[in-house]
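Please read the structure below before turning to the comments.
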Amino acid sequence: MSSFLSGWRLVIAFIGTLIVVPVAGLILNWVDRFVSARVQWRKGPPFYQPFADILKLLLKQTIVPQGASRTVFLLSPLVGIAGMSLVALLLFFSNTGLVVAQKTSFIGDIIVLLYLLALVPLSFIVGASASRNPVAAVGASREMTLYLGYELPFVLALLVPIVKVAQRWDVASALRIGGLVAYQQQYGPFLYSVSGVIAAVIILFTIQAKLGYVPFDIPEAEQEIMSGVLVEYSGAPLAAFRITRAMMFVLLPLLLITVLWGGITDWWAILKFLLIVVLVVLMKNTNPRLRIDQALGFFWFILAPLGIIAVVLAFIGL
Amino acid sequence: MKDLRLWGLKKSPWVYHVAAASCNNCDIEILELLTPRYDVERFGVVLVGSPRHADALLVTGVINRKSLPRVLEVYEQTPKPCLVIAIGTCACNCHIFRNSYNAVGPYDKHIPVHAYIPGCPPKPEAMIMGVVKALSKL
Ligand code: SF4
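Chains as they are written, first to last, in the numbering used here: chain X, 57 to 374; chain C, 8 to 145.
Shown next, in the form of structure tokens:
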């Protein structure tokens with residue numbers, strides 16, 4: 057760990073996680089809105105639109121609703137941002153071509169990543185519950201249900217590369233992001249196998265749900281429960297939530313590339329990244345919203361068995 | 008700092024639609040603004056679901072004894088600075104309901120109004136022009 061973060065790496069880590077990832081996320085946000093506009097035969101907003109939104113929100117009045125728990129209400133957006141910054145740090149520094157080595161990451165950092173990714177729904181749930189708004193409570197309960205739904209297939213999909221590495225290499229590097237990337241550099245990406253394809257499809261749906269995009273935007277259904285979990289947020293905390301979402305939009309496709317598609321080691325990663333982003337945006341634009349029980353059923357009774365099949369296939373070696 | 012704030016406000020006015028007893032025609036015309044034909048999202052306008060997120064309230068319809076407290080509450084819940092844009096003749100001056108026993112007068116008697124867009128219902132072009140004028144007055 058001491059060599060993991062020291063000297064110039066620390067500086068780059070700071071700049072990377074605090075500036076580059078949010079800015080890239082906001083630009084992606086624009087890409088999303090622009091592509092959506094084109095799908096709907098519109099012109100779409102200018103590229104600085106997300107930046108203008110964030111700037112405006114940061115400089116606006118922040119209202120804490122009466123009777124809300126002030127500290128929790130204002131702190132929970134920061135939990136999400138902190139979690140995403142740590143995910144960015146882990147992903148980039150155990151995986152990029154410039155510093156890649158199996159040993160730069162520590163054992164078990166995939167599990168840490170899983171927990172850090174859970175911080176975002178947690179911050180939404182806690183913040184909404186602290187706001188003392190019945191609509192936000194409905195949103196929070198839906199967010200919780202959705203989280204319980206997508207986490208099971210997501211873990212099963214992550215098990216696929218872990219099982220493969222543990223079988224053909226050693227168990228210690230199977231739980232390392234650096235280990236997964238090093239394995240893929242030697243034997244080719246996991247995606248080019250049956251179990252890899254199934255895992256990628258599962259992770260793609262999970263990305264959609266984690267981002268709260270349309271088939272799974274149940275917790276913050278704007279037309280139905282008035283933005284749900286975000287209903288009481290205004291000003292800077294709302295901007296923080298939006299930045300969290302923007303960072304997630306960068307990091308989750310990168311996670312998919314890292315664990316299944318060869319890692320962020322060459323320039324092809326950018327094309328793969330854009331392909332995944334466009335897939336996500338198109339899925340968002342061509343689907344209506346599901347009910348929460350339909351979403352839960354989809355994740356538990358369709359994707360989870362698929363995930364189990366993928367893990368079994370990985371055990372056999374397919 | 009003030010310039011930045013103004014720029015942000017001008018470039019991304021999120022609107023919340025307050026329908027206080029309108030006859031629904033003004034509301035339909037507002038929705039038309041968001042359709043591909045007029046596409047106000049290219050100016051950064053987004054229809055939001057909660058007044059907490061709003062920068063501009065689009066109020067329609069004649070205000071009456073039942074809806075006045077609700078409108079006042081929505082106005083108080085909106086973070087300032089916020090614009091109030093009265094859409095339709097009803098919202099501007101009560102229109103044909105002026106002498107009705109239930110009407111409590113135009114909006115500017117109760118909350119500050121920044122733009123009046125008359126018409127029954129106003130044309131979408133007129134609404135865009137009104138919003139642009141209100142924003143450039145800031
Ligand atoms: S101004 Fe005309 S269209 Fe608008 S709410 Fe009043 S009566 Fe209806």
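C-beta: ideal position from N, C-alpha, C; glycine also.
{"Asked": "Any non-hydrogen atom of the ligand SF4 within 7 Å of P344 of chain X CB", "Found": "no"}
{"Asked": "3-residue-minimum beta strand (DSSP E) runs that sit fully inside the segment 247 to 286 of chain X, ordered along the chain", "Found": "none"}
{"Asked": "Residue list, Cβ distance to the ligand SF4 heavy atoms smaller than 6 Å", "Found": "C:S29, C:C30, C:N32, C:C33, C:T67, C:G68, C:G95, C:T96, C:C97, C:H102, C:C127 and C:P128"}
{"Asked": "Classification of G139 of chain X by the beta-carbon crowding that lies within 10 angstroms, buried from 16 upward", "Found": "buried"}
{"Asked": "8 Å Cβ cutoff, P76 of chain C in contact with chain X", "Found": "no"}
{"Asked": "Three-state secondary structure (DSSP) of N343 of chain X", "Found": "coil"}
{"Asked": "Chain-ordered chain C contacts of D273 of chain X [CB-CB under 8 Å]", "Found": "Residues of chain C passing the Cβ test: none, with the nearest at roughly 12 Å."}
{"Asked": "Below-8 Å beta-carbon distance, I461 of chain X vs any chain C residue", "Found": "The first residue shown for chain X is 57 and the last is 374, placing residue 461 of chain X beyond what the model contains."}
{"Asked": "Alpha helix (DSSP H) segments (min. 4 residues) lying fully within the segment 118 to 168 of chain X", "Found": "126 to 149"}
{"Asked": "Neighbour flag for L90 of chain C against chain X, beta carbons, 8 Å", "Found": "no"}
{"Asked": "Rounded separation between K140 of chain C and A122 of chain C - CA only", "Found": "8 Å"}
{"Asked": "Three-way DSSP call (helix, strand, coil) for H60 of chain C in this model", "Found": "helix"}
{"Asked": "For P43 of chain C and W97 of chain X, the rounded distance between their alpha carbons", "Found": "6 Å"}
{"Asked": "Opposing strand residues paired with Y239 of chain X [DSSP bridges]", "Found": "Bridge partners of Y239 of chain X: none, in fact."}
{"Asked": "Neighbouring residues, chain C, relative to P101 of chain X (Cβ below 7 Å)", "Found": "E48, R49 and G51"}
{"Asked": "Buried versus exposed, by CB contacts within 10 Å (16 or more), Q264 of chain X", "Found": "buried"}
{"Asked": "Where the beta strand (DSSP E) through V47 of chain C begins and ends", "Found": "Per DSSP, V47 of chain C belongs to no beta strand (DSSP E) and is neither H nor E."}
{"Asked": "Exposure of E48 of chain C, with buried meaning 16 or more beta-carbon neighbours within 10 Å", "Found": "buried"}
{"Asked": "Helix, strand or coil at Y108 of chain C according to DSSP, with G and I counted as helix", "Found": "coil"}
{"Asked": "I233 of chain X (DSSP reduced to helix, strand or coil)", "Found": "helix"}
{"Asked": "Beta strand (DSSP E) segment containing V194 of chain X, residue limits", "Found": "Here V194 of chain X belongs to no beta strand (DSSP E); instead the alpha helix (DSSP H) covers P190 to R224."}
{"Asked": "Cβ-Cβ distance between I320 of chain X and N151 of chain X below 8 Å", "Found": "yes"}
{"Asked": "When X:Q223, X:Y243, X:I218 and X:V237 are compared against L231 of chain X, the one with the closest alpha-carbon", "Found": "X:I218"}
{"Asked": "Touching by the beta-carbon criterion (3+ pairs, under 8 Å), the segment 117 to 134 of chain X and the segment 289 to 303 of chain X", "Found": "yes"}
{"Asked": "Identity of the residue in X:G100, X:L84 and X:N85 nearest L41 of chain C by Cα", "Found": "X:G100"}
{"Asked": "G252 of chain X versus L352 of chain X - alpha carbon distance", "Found": "23 Å"}
{"Asked": "Beta carbon proximity, K87 of chain C to chain X, threshold 8 Å", "Found": "yes"}
{"Asked": "Min CB distance P43 of chain C to chain X below 8 Å", "Found": "yes"}
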